[in-house]
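Heads up: the structure comes next, in structure tokens.
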Amino acid sequence: MTTVYLNGHYLPKADAKLSVDDRGFVFGDGIYEVVRVIEGRVFAWDAHAARMADGLEGLRISRAGAESALLRGVCERLVAENGLGTGEATVYLQVTRGAAPRVHHFPATGTPTTVFASASAFKPNMAMRTDGAKGITLADIRWSRCDLKTVNLLGAVLARQAAQEAGAYEAIFHRDGMVTEGAATNAFMVVGGVLRTFPLSHYILPGITRAEIVELARGLGIPLEERPVALRDLHAVDELFVCGTTTDVQAIVELDGRRIGSGTPGPVTVRLREALAKRLYGGS
């Protein structure tokens, strides 16, 4: 029986109930995180907790009941109680503004937030990591606060559906003629031996894995520029990869039906994929 966490209680998933007035349900008014767990160890917890705190502050949702130390304990207990202490797992964490009458402005001060968490087994697609994947490009029509990891993910849902219908793994967004990020990932490109990615701003998520890649690239001596690539130049880049908590480093070897580089994961992508794997599985 799967155990979940809801508002201070650990209970069977089938018994976890939310009000139909919850603002996460009616407005998408909430923040979430997904953390990676390897052999019972939560990876990059501090970074995830800091991003969640920033998101709650950005939406002006109380952190009461969603403090970092409390939620870390929740993650660890869910992993243990669901028998996920070996192998790989993910924990999903969500905090909404709570249940209140449906009006657009904030509910009355003191309305308790809704805090939910669940844990699931996870198995990376190692064949796709090795062989590469297909992608498509799409105009980025999401709101301009993409740096907040809100539960309102309709833009990503529609983009991922478009990718699936095209037989692709990911949709690469572009805004004002510049490549921004993937529908559920951050994007990196290699141009003339230089690794490039869109700079941190309201237009992209400050990805935890993105930060790991930036740090690893600098440690490996790979030239890096946080500078956007123009959409018109995207199909001519030497390498393209996306990254994320459950994506790791994933080469995109075909985009909109056109080959990227050699059509196989390039040397920079492979180096970074291997370096990230060492960090994930080596316990650092």
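When we follow this note's numbering, the leftmost residue of the sequence shown carries the number 201, and every step to the right adds one.
Note that the Cβ used here is the ideal one computed from N, Cα and C, for glycine as well.
Residue range of the beta strand (DSSP E) that residue i falls in?
i      : result
Ala363 : Where Ala363 is concerned, there is no enclosing beta strand (DSSP E), although the alpha helix (DSSP H) it sits in stretches over Leu354 to Glu365.
Gly444 : Glu439 to Gly444
Val274 : Per DSSP, Val274 belongs to no beta strand (DSSP E); it is in the alpha helix (DSSP H), Ser268 to Glu281.
Mapping DSSP to helix, strand and coil, what is residue i?
i      : result
Met326 : helix
Val351 : coil
Ser401 : coil
Ile413 : helix
Gly230 : strand
Ala216 : coil
Asp246 : helix
Met201 : coil
Ala451 : strand
Asp222 : strand
Ala308 : coil
Arg263 : coil
Which residue wins for smallest C-alpha separation from residue i, given the options the options?
i      : options                           : result
Thr447 : His435, Glu426, Ala384 and Ala366 : Ala384
Ala362 : Arg345, Gly382 and Asp347         : Gly382
Asn282 : Asn386, Leu405, Lys213 and Ala368 : Lys213
Ile413 : Ala430, Met389, Ser344 and Asp433 : Met389
Leu348 : Leu405, Arg471 and Ala436         : Leu405
Arg375 : Ala247, Ala339, Val279 and Glu474 : Ala339
Bridge partners for residue i per DSSP, in chain order?
i      : result
Ile372 : Thr337 and Gly382
Ser320 : Thr290
His209 : Leu206
Asp456 : BP columns for Asp456 are empty, so no partner.
Ile238 : Arg241 and Glu288
Thr314 : Thr296
Leu424 : Leu395
Val390 : Leu395 and Glu439
I need the boundaries of the alpha helix (DSSP H) containing residue i, first residue and last residue.
i      : result
Leu472 : Pro467 to Gly482
Arg432 : Leu431 to Leu434
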